[in-house]
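Here the structure comes first, spelled out in structure tokens, and everything after it is commentary.
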Amino acid sequence: MEIKWLEDLLALAASGNFRIAAEQRNVSQPAFSRRIQALEAWVGTCLVDRKSQPACLTDAGATFVVVAQTIVSAAYHSREDILAKVSLEKQKIRFSTLSTLAQYFMPAWLKDLQPFIDTDQFVVRTDFETIPQYLVGLEENVVDLFISYENPNAGFYSDPKKFTSLTLGQEALVPVVAPDATGAPLWWLPDRPTNPVPYLHTASSLSLWPVAGHLEKHYGDLTFTTVYEACIATSVKAMAVEGYGVAWIPSFMVVDDLANGRLVRAAGIADDIIVDINIYRCKDFNEPKVAAFWRALLEKQVGSVT
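Next up, the structure:
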């Protein structure tokens, strides 16, 4: 059974004339008649009384035409809904990023971009486990853009033939710790404490995350004991607030805690670690929505420089 057969029956029921109905359906009258016969064969009984003038439906036809109207209406409404959803999906920009950036960086960043972009529909994924998996997501067009922290002194060694990138900004990783009863830090690293320093480790998928290198370079004479490890920076910060140890945490996550005294610095500003926030795109794909978004990023960067 074809939906055009149902539409043929509805046209015939409305006009009562095979010739007029055939013209409305933009087919020859013989072809129209054959399609009505095909529908009747599918239903298994005669739907039209051809002896009457104008042509009228049989009892079975009168019953079935109600069903035909329901089916046709449902089919077209469903198609419209599906096309609308598909169109909506095509307009979305698909990001992948780290959970910390998704929570603390992207909302304000996207809001700041609104004057420069034509879309306000976004999908953000944080479920990739490693940097290679994030980059594969770009290569396979699972996502359009990837945003990540990056050590400016190292990088991801991504293939420049496949990927292009922009630096969106920089972030400081701040050494923080809970205060004691007097408001002083529980551990002050520049004093070179002789006892092991409890360390709260952000388990990052970034193999080149710079904290370990910083500790080795600047505090190689101290003993750091990892007492807590988590891939979610908010969890690490919560442990720091409770006094479990020292952690390097992105500054935008702890600015309020430092201001209200829930956290204090474990070392001076010289011990902040500066990382880039970069956005990556695969060169193999040039969908208009993504190309327009990338142009907006470039134009915004040029505007901020000038």
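For the sequence shown, position 276 (counting from the first letter as 1) is numbered 323 according to our numbering, and the numbering increases by one without interruption.
Ideal Cβ placement from N, Cα and C applies to all residues, glycine included.
Since we're looking at a predicted model, the values are computed, not measured.
Query	Result
Spatial distance of residue 70 from residue 94 (CA atoms)	20 Å
Reduced DSSP secondary structure (H/G/I, E/B, other) of residue 308	coil
DSSP state of residue 91 mapped onto helix, strand, coil	coil
Among 272, 328 and 309, the one whose alpha carbon lies nearest that of residue 241	272
Residue 100, DSSP secondary structure in three states	coil
Cα-Cα separation between residue 279 and residue 250, rounded to whole angstroms	8 Å
Close beta carbons around residue 63, own chain, < 7 Å, minus the five adjacent residues each side	101, 102 and 103
Buried versus exposed, by CB contacts within 10 Å (16 or more), residue 206	exposed
Contact check, residue 199 vs residue 295, beta carbons under 8 Å	no
contact_flag[the region 184-191, the region 321-335] where n(CB pairs < 8 Å) is 3 or more	yes
Check whether residue 132 and residue 168 have beta carbons under 8 Å apart	no
Nearest-angstrom beta carbon gap, residue 56 and residue 65 [assumed within contact, 8 Å]	About 12 Å separates the two Cβ atoms, so there is no contact after all.
Secondary structure of residue 216, DSSP reduced to three states	strand
Contact between the region 209-223 and the region 316-327 (3+ Cβ pairs under 8 Å)	yes
Contacting residues, own chain, Cβ-Cβ under 7 Å from residue 108 (five flanking each side not counted)	94 and 95
Helix, strand or coil at residue 279 according to DSSP, with G and I counted as helix	coil
Per-residue burial, residue 246 [other beta carbons within 10 Å of its own, 16 or more giving buried]	buried
For residue 234, three-class secondary structure by DSSP	coil
Selection from 79, 187 and 111 that minimises the alpha carbon distance to residue 328	187
Which of helix, strand or coil DSSP assigns to residue 69	helix
Residue ranges of each alpha helix (DSSP H) within the region 138-163, 4 or longer	146-151 and 153-160
DSSP-derived helix/strand/coil call for residue 114	helix
Residue 269 (DSSP reduced to helix, strand or coil)	coil
Close Cβ partners of residue 324 (< 8 Å) along its chain, the five nearest in sequence each way excluded	148, 152, 194, 195, 196, 197, 214, 215, 216, 217 and 218
Which listed residue (72, 293 and 302) has its alpha carbon closest to that of residue 314	293
Straight-line Cα distance separating residue 274 from residue 297	20 Å
Same chain, Cβ closer than 7 Å to residue 232, five either side skipped, listed in chain order	224, 226, 311, 312 and 313
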